[in-house]
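S.K.: Sending over a structure as structure tokens; questions will come in a sec.
Numbering (the numbering used here), first residue to last: 15 to 105.
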């Protein structure tokens, strides 16, 4: 059994972090891609331009994703990023 305690400001959220990052770095006109697997990622999915869930994500998270890739056990996120990187290099 894993014991875990998470403490954070109640105003902090993943979607707010994405919004702040877009504003701070100037990403408003660029495409932001996020990855998630849990219900706590849904608000982040809503604020990103493209939301990607892994295949073994919770059903609620998968419902809000724009795209579903392989499982995290298959290194699907890394493979997705590599494919996108190589795709952009060839342009």
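Glycine included, C-beta positions come from ideal geometry on N, C-alpha and C.
1) Can at least three beta-carbon pairs, one atom from the segment 49-62 and one from the segment 27-39, be found at a separation below 8 Å?
2) Spatial neighbours of residue 66 within its chain, please: C-beta separation below 8 Å, excluding the five flanking residues on both sides.
3) Could you give the DSSP three-state label for residue 26: helix, strand or coil?
4) Are residue 97 and residue 61 closer than 9 Å when you measure CB to CB?
5) Can you tell me whether residue 64 is helix, strand or coil according to DSSP?
6) Which of the three DSSP states is assigned to residue 81 in this structure?
7) In whole angstroms, what separates the C-alpha of residue 71 from that of residue 18?
8) If you count every other CB in all the chains shown that lies within 10 Å of the CB of residue 21, and 16 or more means buried, which is it?
M.R.: Reading off the structure:
1) yes
2) 47, 48, 49, 50, 79, 80, 81, 82, 83, 91 and 94
3) coil
4) no
5) strand
6) strand
7) 20 Å
8) exposed
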